[in-house]
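Quick look at the structure:
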């Protein structure tokens with residue numbers, strides 16, 4: 010398999026975007042960041058969840074001559090990203106603890122022979138002998154830091170291992186361009202990460218944190234489970250996440266939902282790896298459209314058709330809330346983000362912060378500082394839960410965006426008036442709806458056959474456009490948003506047969 014560029018000679022970024030990634034145009038901020046990186050300038054991209062951060066480094070990685078290393082904190086994110094790249098015809102790999110020694114050695118050998126353009130790895134692996142051998146045998150053109158807020162002690166996910174990144178960059182024979190991306194950085198964190206990562210006059214792009222398709226609501230119900238069921242009744246047969254603070258709450262809520270007949274599964278850190286993987290796959294493949302989980306679930310899960318995210322308990326900070334809520338509506342469809350709040354949530358979070366195991370790699374003074382910051386963020390999260398002001402504006406203000414006009418699309422703005430559900434979806438008659446169901450079924454078959462997530466075949470929006478446009482051949486199929494040359498070659502014939510069969514049945 011090639012790297013997606015075998016037939017292209019020094020393509021323009023837009024051409025590559027269309028032919029490899031299947032998008033007609035850049036999203037806000039993407040083109041500026043891509044051109045900066047291609048020109049050899051460091052860059053910082055602050056974009057909301059689902060804002061297209063990965064394109065900003067994956068596309069220039071294909072155009073730069075050497076290898077791009079992507080530093081990422083989570084195995085699930087690495088696996089999902091590499092799987093998606095392979096589906097696009099791009100050679101990618103990851104180096105992490107999910108590989109056994111034989112697999113890791115083979116991946117490193119392939120990398121040292123230049124077989125990959127993009128390699129994902131954890132920050133702890135940067136200064137290992139294998140990665141040093143890679144850096145000596147192949148040119149490193151770019152180092153991309155994902156979840157870059159982890160480098161800052163002011164951030165909610167500070168990881169001391171991220172402080173190793175600038176040391177690694179300094180050790181390379183030739184300094185590569187360095188890019189940093191995050192979705193949840195406050196202004197203070199954004200200033201801090203550029204200094205901590207030793208970026209050189211970086212190009213800064215902040216595209217804004219607003220997700221207009223998300224509806225925000227805070228409820229203070231007497232019975233949270235009854236309120237949860239009422240929310241689920243508004244989303245029959247739709248996919249969603251229910252976040253709980255504790256493993257015990259996850260177990261209780263999941264069991265009660267299953268007794269009521271909901272196809273729900275669970276996810277938390279106390280489960281065996283095999284069950285976690287199985288339950289995660291059941292959710293991704295829509296066998297269990299509802300997943301009840303702690304915050305251990307979600308990072309790196311690119312499931313486009315999540316219609317709601319319900320927080321059964323208030324999380325400990327605004328960053329976590331916005332990141333978790335932002336897993337809804339990734340395909341641009343209308344989605345709900347609902348927080349079920351009670352005063353007990355505050356006390357439970359305080360207890361969990363105080364009982365949090367001490368970070369052994371930092372000194373006592375730093376541990377005390379980090380704990381004080383956590384308590385301050387909890388206070389700010391609590392203010393969001395009880396405010397009477399526009400919820401969207403309150404969220405945006407936390408991340409440095411000031412708006413004065415009410416959004417008109419949150420519970421504090423609309424009060425008893427509920428927004429229309431799914432009004433942005435194309436109007437498809439009953440025959441088209443039957444075709445759409447058949448296309449979804451075909452996507453599930455292809456996903457199981459190739460062992461990939463359905464969203465990595467085609468997104469929901471792509472299937473809806475197929476049902477609307479009714480392409481008859483590969484040329485017409487390539488005009489559908491999200492259909493790339495690689496995906497057309499691999500899956501096009503199967504989906505065209507479904508469309509042709511539907512036309513025959515309806516003629």
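In our numbering, the protein residues as written are 10 to 516. Backbone N, C-alpha and C fix where the C-beta goes; we use that ideal spot for every residue, glycine too. Predicted model, so just to flag it, every value in this text is computed and none were measured.
On the DSSP bridge list, what partners appear for residue i?
| i | result |
| --- | --- |
| residue 170 | Partner(s): none; residue 170 has no beta bridge. |
| residue 293 | Paired residue(s): none; residue 293 is not in a bridge. |
| residue 299 | 249, 273 |
| residue 451 | Paired residue(s): none; residue 451 is not in a bridge. |
| residue 54 | 190, 214 |
| residue 226 | 347 |
| residue 102 | 128 |
| residue 319 | 251, 347 |
Apart from the five residues on each side of it in sequence, which residues of its chain come closer than 8 Å, Cβ to Cβ, to residue i?
| i | result |
| --- | --- |
| residue 488 | 478, 480 |
| residue 47 | 22, 69, 72, 73 |
| residue 312 | 248, 292, 293, 336, 339, 462, 464 |
| residue 267 | 273 |
| residue 119 | 102, 125 |
| residue 384 | 359, 362 |
| residue 265 | 234 |
| residue 236 | 228, 230, 349 |
| residue 271 | 241, 299 |
| residue 324 | 252, 254, 304, 330, 333, 358, 390 |
| residue 219 | 57, 401, 405, 410 |
Can you tell me whether DSSP reads residue i as helix, strand or coil?
| i | result |
| --- | --- |
| residue 164 | coil |
| residue 344 | strand |
| residue 150 | strand |
| residue 20 | coil |
| residue 518 | Residue 518 lies beyond the stretch modelled for the chain, which goes from 10 to 516, so this question has no answer here. |
| residue 139 | helix |
| residue 9 | A question about residue 9 goes unanswered here, because the residues of the chain that appear run from 10 up to 516. |
| residue 429 | Note that residue 429 scores a pLDDT of 42, beneath 50, so its modelled location is shaky; the value from the coordinates is reported in the next line. DSSP places residue 429 in coil when its eight states are reduced to three. |
| residue 484 | helix |
| residue 504 | helix |
| residue 84 | helix |
| residue 331 | helix |
| residue 219 | coil |
| residue 436 | Caution applies to residue 436, whose pLDDT of 43 falls short of 50 and renders its modelled position unreliable; the model cannot decide the point. |
| residue 304 | coil |
| residue 493 | coil |
| residue 235 | helix |
| residue 510 | helix |
| residue 116 | helix |
| residue 280 | coil |
Compute the beta-carbon to beta-carbon distance between residue i and residue j, rounded to the nearest angstrom, for a pair I have assumed lies under 8 Å.
| i | j | result |
| --- | --- | --- |
| residue 99 | residue 152 | Wrong, their Cβ atoms sit about 18 Å apart, outside the cutoff. |
| residue 472 | residue 445 | 6 Å |
| residue 302 | residue 275 | 7 Å |
| residue 55 | residue 215 | 4 Å |
| residue 77 | residue 66 | 7 Å |
| residue 315 | residue 269 | Not quite, the Cβ-Cβ distance comes to about 21 Å (not below 8 Å), so this is no contact. |
| residue 197 | residue 82 | With 8 Å as the limit, residue 197 and residue 82 do not qualify as a contact, their Cβ atoms being about 20 Å apart. |
| residue 224 | residue 346 | 7 Å |
| residue 170 | residue 133 | 5 Å |
| residue 211 | residue 50 | 7 Å |
| residue 108 | residue 143 | About 15 Å; that fails the 8 Å criterion. |
Restricting to Cα atoms, I'd like to know which of the options is closest to residue i.
| i | options | result |
| --- | --- | --- |
| residue 330 | 356, 373, 394 | 394 |
| residue 511 | 456, 465, 447, 461 | 447 |
| residue 245 | 264, 222, 299, 236 | 299 |
| residue 358 | 255, 110, 199, 375 | 255 |
| residue 180 | 458, 167, 141 | 141 |
| residue 26 | 79, 86, 97 | 97 |
| residue 328 | 159, 419, 234 | 159 |
| residue 75 | 106, 40, 150 | 150 |
| residue 398 | 45, 409, 420, 318 | 420 |
| residue 440 | 513, 503, 422 | 513 |
| residue 486 | 24, 121, 28 | 28 |
| residue 509 | 491, 202, 492, 476 | 476 |
| residue 322 | 64, 36, 257, 296 | 257 |
| residue 130 | 286, 87, 139 | 87 |
| residue 147 | 121, 128, 290, 163 | 121 |
| residue 518 | 24, 60, 52, 20 | Residue numbering for the chain in the displayed model covers 10 to 516; residue 518 lies beyond these limits and cannot be assessed. |
Can you find the residues in the same chain that come closer than 6 Å, C-beta to C-beta, to residue i, ignoring five residues on each side of it along the sequence?
| i | result |
| --- | --- |
| residue 135 | 173, 177 |
| residue 483 | 497, 501 |
| residue 93 | 465 |
| residue 334 | 318, 346 |
Can you give me the Cβ contacts of residue i inside the same chain, cut-off strictly under 7 Å, excluding the 5 residues immediately before and after it?
| i | result |
| --- | --- |
| residue 167 | 159, 161, 379 |
| residue 507 | 447, 448, 451 |
| residue 165 | 326, 328, 329, 386 |
Would a check of beta-carbon distances place residue i closer than 8 Å to chain B?
| i | result |
| --- | --- |
| residue 150 | Going by chain labels, chain B is absent from the structure shown, which holds only one protein chain. |
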